[in-house]
Structure formats: structure tokens, C-alpha cells
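Residue numbers (our numbering): 4 to 874.
All C-beta atoms in this analysis are idealised placements derived from N, C-alpha and C, irrespective of residue type, glycine included.
Have a look at the structure below, then the notes.
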Amino acid sequence: MAARAASLLSGRWQLAREQAELALAGWHARHGVRARWQEVLTLHVIGNTYMRGGSSRDALSWFERGSALAIASFGADSAARIKIDTDRASVLVDLGRNSEALDLRETLLTIARRRFGENSFEAARAEGLVGAGLQEIGDYAAARRRYAHVEAVLASLPDAPAYERGIIANNFGNLLQEMGEEEAALTRYRQALAAWGEDERTMRVRAVVTANLGNTEYRLGHYETAIADFQRALSLREKADGKDSPGLGYALEGLGSSALALKRYAEAEQDYRRALDVRGRSLSPNHPTLAPLNFGLALARWGQGDIGDAFRYATLTAEHQQTLLATFATEFSERQSVAYRELLVPATALAVTLAAKRGDADSIAVAWRLTMVERELVERAQAHRLAAARSAHDPALEQPWQAWRAANSALGDAWLSTHINAERMAQLRADAESAERALWNRMARGRATNVDGAASVGELAHALPADGLMIAFTEGVADNPARLLAAGGKQTPEDWYAFTLAHDGHVTLRLVGDSNALSAQARAWYLEIRDPATDATRMRRNGLALRQALLDPIVAGSSARHLFIVPEGELFRVSFAALPDRGSGYLIENGTRVHTLAHESDLSLPASATASTSMLLAGAPDFPATLPAPASSERQLCLRAAQGFAAIPNAARELDGLHTLLSTTAADSRVQLITGSSATKENVVAALPHASIVHLATHGFSLDESCTGDRGARGMTLEEPVAEKATGTSNAATLSGLAFSGARVTAGNRMIGVLGAGELATLDLSHVDWIALSACDSGLGPIGRNEGVFGMRRALRLAGARTVIMSLWEVDDAATSDLMQSLYHARFVEHADVPDAMAAAMRAVLTARRAAGQSDHPYYWAAFIGEGGWR
């Protein structure tokens, strides 16, 4: 055993393996506990020779064999099983099987706590590895909680082994580095090095930590210091493992990134190529650790003027990452999948920028296809899984399905409560995500659904009307190949581009501008048009500036009258119809029609069925009289948890008018009206599966916007709980929803009568051709990069609804009622397409207000947009 260990430490994998295999045969032939123990240890050694030599699949095979023997011989809680499965989890990560690795590490943590105690060193070590697993998938908040607890336990254990303390300190340092806390990371790395000293046996781990020091210095902009650290790390690793070890890749990647930042492009290329050579020998092409190397190589080739080669590497990286993300999204929760995609390099954005530079049709076509595949990729995976779960009719899925729905409901209730602390909130989130993963794992782990999402340009052009133009906004990188590439760091694209497609099939790609500047411009104008008190002159001036930045360069010289817009980022908030016309008035008044597409493929959705339909009109609920009647005509309500919901004065008039209109004009259709005390959540949910046309007029809520006052509204915007603020897309499905009759907050702060977006997404609305959410802010929610808008907007897409009508701000109650009458007349009496019906309704309200001498501010008529199917 000593000879095998010496060979292993010196990097002589083949010799160590040969010695171990000879020993294995001898131990296997013997009987007794000692023989089985030695057999397990020998299997572990053989697995390590393959793991350290870069042969992860072979290593996994030997570790699995050793784990099975350890469990059979010594039990599932045995030290032998813990030892070998710890390394097995690491190999699963190397193979990109993160979900299995995390499950295995959580199992080992449970065993360690059961066998050694909650606050034992063994439990702390196992919990640290769970933290590392969460960090690897981008779940930083959960990882930090794990590491913080580990540090607290270790502080009470002064005799914990120094080597293991160093490992935990290094891993926590990596997390802090990736979270942008560089100084705290440097402290942890120095603690690790101090714990290990200069012992030759720690040469490999010292090489790892020294490379991590280099990454941190790189993030701080100390490039020459970083290069010195990376070179020391490379030397240590070569001495420990040899010049062909896959472990050299980390130091080489750092050297390449540092050279790139210093514009030493040829030097960067050399480092990246060597890193790809040593790291890529035993890994699949879409392994996550290869993407930064190929991306860096693309930047290095671009820096040297070879845009064609750079485009090839960018495309290759994008395709591999998309395959990886599609698989990942079938195994993890939606939130974790979205967090993980933030860790990926922006290869598609680079391909877009380089395609625009090349300018040829083939490059533009490739870049657009990559964009379409990447856009809403996690959402498509989620939609496929939900559709499969709903249609499976498998009794084995019923329990995990209901468990997941219950966990989501509990999490949603907690967000609407004021008596939930951060610790409890974190536990509820973990429960919901654990239930979600259990459901997907039961359905078939690792089987990636085809979520390509790309439509052919010919198919899209054929779907456009003769006067139509598609404008698909997307991300690109800045015109600078020396961009920073920190290992594990988020890489954010800097520019927006736009693909355009005309009915004749002509495609263009152009730079729109800096995404941060345009986002700020769009956000500022959005805040103006959602406030009726905004100065009209300033609003018009800013609207013209936004139009000139976004649309005018694209539509100049075009005769297009139907604009189909795929937004990006803050553009999801823009009501394009309300942009000022060049002379006077608004864009909607010059014959332009605008329709929003969440994805390019929405353009090709077939026309609504013309056969007999079932229509559901629901809302105008009865609410407990806990709030005074609204003092104004706005449909806005701020809910402070102990309060209830105000009545909506014009909702009943709206629904009665629509009922009369549809009952008299749609003779072959059945119209169901549910209002007042009958408009309960239960009744509405029960009626939804039988309707193809749905109209809901009630309170909506979202945590996306802050309350603007105590004005009565057809909506409520909730204050976030003090215990934990919503960040990004975290728990977005639980932060929005609709309130129905009897909705209230109970004494225990549990919501009654509320249909949250999370529950809405689990419903089967694949038969719904049209659903209108006649409520405030129903189209709002956190906006995710390449994932669109979360909240009710996303929930309805996940549920399968075809066309969604929703609002972008706090709508005026009376104006909304009038707009809906005009909209339904145009759509269901005159049978206009969705963009034409929306334009007719907007113009009708606009004309009526002007005739009555009332304000024509967009607040009153431009809040609603249509998204999805348009025909």
C-alpha cells in the first residue's frame, strides 16, 4: 500500500495502477473483514489513478464498484462508503452530472450527521462539500449558508485536521471570490496555505490554491501579480502530476486570461490551446470547464484579426453550452437553472457581434439560430417537463406532483406574510426546490428534452404578413477582444443588437447600442408613461429619443406597418405603441401595429380555432370590507399584509358588457360568467380547463414594482418581506398572482383565495387560445437574461396559453373597462388579428378621451399589450 501511495503522490499513475491491480487480485481471493476493507481501499486507489490522470469515466466505474462493495460489506453508513463516495461525487461533477453529485453529497452529509453528530468534524467536512456543489451550479446564497455553518462548527473543534481545514478554507474562498468579495477570499486562501506548510505531500493542493490567488488578483486588475501566481501554480502542479496532467488547465486558463487582458493575444492563444490539450483529452466537448477555454481562444483569434476563426470558436462554444444547459435544466429547479446559466460565458453574444462584423448571410443565419436556441431555453425545458407531468397519468407521479405544488404554495404564502424570518424563508425555498427536483428525477433523470426552439428563417418569413417586419433584439459583446475572463465569474454582454426579417426573407443584423445606456433610457421613459402626472413635453421628448435609438434606424425606408418585436431586457416594459410619432400624436395613430413575441417561434403559431368555443369571464370578486373604497379611478392597491383587498368599481360593468357582447355575437359559443361571491379561486380554477377564451378582471399583484401611493386600483403591489428581499428571478413565481372572492390574509399570515403564478403554471391551459388579465401590472415581473419576464407572464406560457393580453402598469379602472369592450369587439366580432384589434382598442379610447376633453396620456390607453400568437 505504501508503494502504491508513493507512486500516486509522485504522479506516476500507471505504476500506481499496476501495483494496485496486483494487490486487488490478492485481496479479492481472501476472506474476512480485513480483506474486504483492503479491497475497498485498493479500488479507491485505482479510481484515484484514473481521476488524477483525467480519465473520469474509468474513475467513476472503479468508485462505483468500491462503493457497492463498501455498502455490502460494512453498511451504508460505513466510513469506507463515505470515503469512496466523496471522490465519486467529485468525478460526477467532472462528468457534468451535477445533480447526481449534489444528491450524493447530501446523502453523505445525512450519514455523517447520523453517525458522528450534527457538530462533528465529519459532518462539517461533508457539509462543506455540499456547499461546493451548490457553488458549482451558481446557487451562491445557499452555498454561503453552508460554508458559514461549517466555519462555525470548525471554530468549536480546535483539534480538526489542518489539511481538511485548508480544503474548506480554499473552497469557501472560491465562493467569496465568485461573489466579488476578493479580500475575504484572499484571507481564506492564505489560511489554507498556512495550514499546509511546505510539505511535499501538499504540493498539488498548494498549486490549486496558488492558482486561486492568481484568479483573485486578476479580478482586482493586478495582472502581472496574477501571472506570477499562475506561473508558480503551474510549476507546482507539473512537479506534482507531470506536464500532461489535466490539473494544469486551471493555471493555464489564468495565464491565458491575464495575457488577454494585457492584449498579448498570441500569448493568450498559446496558453488556451495547451489548456484545451491537457484538459480536453478525457472530457466531453460540452463539459463546462472547456467553454471558457474555447471562448478565450475565440477572443484571442479576434484580437489577432482572424474574425472567421474567432466566429468558429464562438459558435462551437455556444452550441456546447446550449446542450449542457438543456440537460442541466432537466435535473435542477428553474431558479437553479437560471442561476447556472449566469455562470456560462456569453458565447452566443460573441457570435452575434462577430457575425455583424462579418456581415455575410451565412454568419448572420448561424448567429440568429444560436440566439433562438438560447432565448428562453430554461423556460422551454420547464414547459416540456410540466406538460409531460400533466399528461403522464402515472400514479407514481401523483405524490411528488402534489408535494411540489404544496411546497410552492407554502413558499408563496410566506412571501405574502410579515412574520417569516430569513431562516424560515430559506428553508421553505429549499423545500420547494427539493420537491421540484424529486418530481423531475422521478420522471427520468438526465433525459434532455429537445428544447431547440429555433425556427427556420423561411418559416418565419412565410408567417409574416406582406407589410410585416420582425425585430428580434438580442445581446452582443463590446467591440473589445481584451474583455475580462475571470474563472467562475459572471460574464455580462455589453451591447444590444437587432435581427430584422421582412416578408421577402431578407435578414439584417445591426448594432443598436450600449445595453446599459439603452436600459436606463427605456426604464426612465417607462416610469414616465406609467404616471399620468408626468410632464407631457418631457415625456414626448424622451419618447422620441428612445424611438430614434431603438426603431428609427431599423424601420427607416421600410413600408412595414405590422411590427413583431422580440424584446430583450428592459424592452419588455416598453409599450411601443405609445412611442411618439414623428409629427404629432403616437406611433399607433400612423397606421403602425405592434405585437410582442416572447420568442421568434411565436410568429408561426397557427391561427385560433374558428369552431365553437367556450368562453370564461370571471372576476369582480367580493372582498371582505377591510379597506375603504378607492378614492380615485386608478386600479392600484398597496397591500400591507394585515389589510385586505378593495372592491374594483368598474370590473362588474366590464364583465357584464363583455358577456352581452359575446353572447349576442358568438352564437356557436358558450359564455360562462363568474362574478361576485361566486368568483372564488376554486370556482375559477375549476372552470379554466373548459374554456378556450378567458377574461379575468380582478386584483393582480407583483413584487416587481414598489407601491406608489394608496390609490384604488385593479391591482396590488406588495412590499417585500423585511426578512428577505427578492433578488433577480429568485422565487419569481411566488411573487405575483391574482386575488379572487374572499381573498384575505389570515391571522396566521396565510393567504386565502389567491392564485399565485407558481400554481398557475401547473394548470393545463394548452387549450386556451386567448387569456386576458385585466389587472394592474399583470405583465410585469423580474426580467432574466435571455429568459424574459418571470411572474404571471411566464406562468401562462408554462401552462400552455397561446395569446396573453396583459398590462405593464397600474391601469385606470374606467379606461380599462372601455378598452376591453373595444378590444373584444375588434377581435371576436370583427375577427381582427391581435395587433389590429389592440390598435383599434387603443385608438378608440384615445379618440374618446380627446373628444371628452380628457388627457390623452398613454397611461390611460397604452398599458395593455398582446404577446404570443397573433393570428
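Presumed contact (8 Å Cβ cut-off) between residue i and residue j, rounded CB distance
i: A301; j: L380; result: Wrong, their Cβ atoms sit about 21 Å apart, outside the cutoff.
i: L553; j: V597; result: That belief does not hold up - the Cβ atoms of L553 and V597 are roughly 12 Å apart, past 8 Å.
i: A386; j: R800; result: 7 Å
i: L72; j: E42; result: 6 Å
i: I532; j: P861; result: 5 Å
i: T318; j: V480; result: T318 to V480, Cβ: 14 Å. No contact.
i: M54; j: V94; result: 6 Å
i: R168; j: A198; result: 5 Å
C-alpha gap between residue i and residue j, whole angstroms
i: G820; j: D538; result: Residue identity check: residue 820 is Ser in the sequence provided, not Gly. Using only the alpha carbons, I get a separation of about 26 Å.
i: E722; j: F867; result: Note on E722: pLDDT 42, under 50, position unreliable in the model; no value is reported.
i: W773; j: R344; result: 31 Å
i: A358; j: M542; result: 36 Å
i: G715; j: L758; result: No answer about G715 holds up, because its pLDDT of 44 lies below 50 and its placement is not dependable.
i: A835; j: L547; result: 29 Å
i: V510; j: R372; result: 12 Å
i: T711; j: L196; result: Legend: pLDDT at T711 = 43, less than 50; position of this residue unreliable, value from coordinates given subsequently. T711 and L196: Cα-Cα distance of roughly 53 Å.
i: D659; j: G471; result: 36 Å
i: D534; j: G120; result: 58 Å
i: R361; j: A262; result: 25 Å
i: D90; j: D232; result: 27 Å
i: S781; j: G56; result: 54 Å
i: L826; j: L132; result: 57 Å
i: A851; j: A682; result: 31 Å
i: R432; j: A332; result: 18 Å
i: A425; j: L414; result: 12 Å
i: L346; j: L488; result: 11 Å
i: A409; j: Q430; result: 14 Å
i: A775; j: N122; result: 54 Å
i: G872; j: S578; result: 18 Å
i: R277; j: I367; result: 31 Å
i: Q551; j: Q524; result: 12 Å
i: L279; j: H34; result: 46 Å
i: G856; j: T595; result: 25 Å
i: T503; j: G560; result: 13 Å
i: D859; j: A655; result: 25 Å
i: Q22; j: L107; result: 30 Å
i: T765; j: K684; result: 15 Å
i: R544; j: D517; result: 20 Å
Test item: CB-CB of residue i and residue j under 7 Å
i: W864; j: M841; result: no
i: A313; j: W305; result: yes
i: V376; j: A438; result: no
i: R39; j: D80; result: no
i: A601; j: E870; result: yes
i: V832; j: T668; result: yes
i: A610; j: R222; result: no
i: G761; j: A746; result: no
i: V771; j: S695; result: yes
i: M809; j: S777; result: no
i: G784; j: S739; result: yes
i: F175; j: Y143; result: no
i: A303; j: Y268; result: yes
i: E790; j: E382; result: yes
i: A210; j: A236; result: yes
Every unbroken beta strand (DSSP E) within the stretch 778-841, with a cutoff of 3 residues, ordered by chain:
806-810
How do the stretch 567-585 and the stretch 472-481 stand: do at least 3 beta-carbon pairs fall below 8 Å, yes or no?
yes
Within the stretch 309-390, note down every full alpha helix (DSSP H) run reaching 4 residues or more, in order along the chain.
310-331, 337-344, 350-361, 364-377
Could you say if the stretch 250-260 and the stretch 203-220 meet the contact criterion of at least three C-beta pairs nearer than 8 Å?
yes
Touch check for the stretch 686-694 and the stretch 614-623: three-plus C-beta pairs under 8 Å?
yes
Can at least three beta-carbon pairs, one atom from the stretch 275-290 and one from the stretch 245-252, be found at a separation below 8 Å?
yes
Where in the stretch 486-549 do unbroken runs of the alpha helix (DSSP H), each at least 4 residues long, occur, reported from the N-terminal end onward?
518-532
Entirely enclosed alpha helix (DSSP H) segments - the stretch 179-232, minimum 4 residues:
185-199, 206-222
Contact between the stretch 190-205 and the stretch 225-239: three or more CB pairs below 8 Å?
no
Counting pairs of Cβ atoms below 8 Å between the stretch 331-338 and the stretch 457-469, do you hit three or more?
no
At 4 residues or longer, and completely inside the stretch 95-147: list those alpha helix (DSSP H) runs for me, N to C.
101-119, 124-139
Just list the beta strand (DSSP E) runs in the stretch 237-287, keeping only unbroken ones of 3 residues or longer that don't cross its boundaries, in chain order.
none
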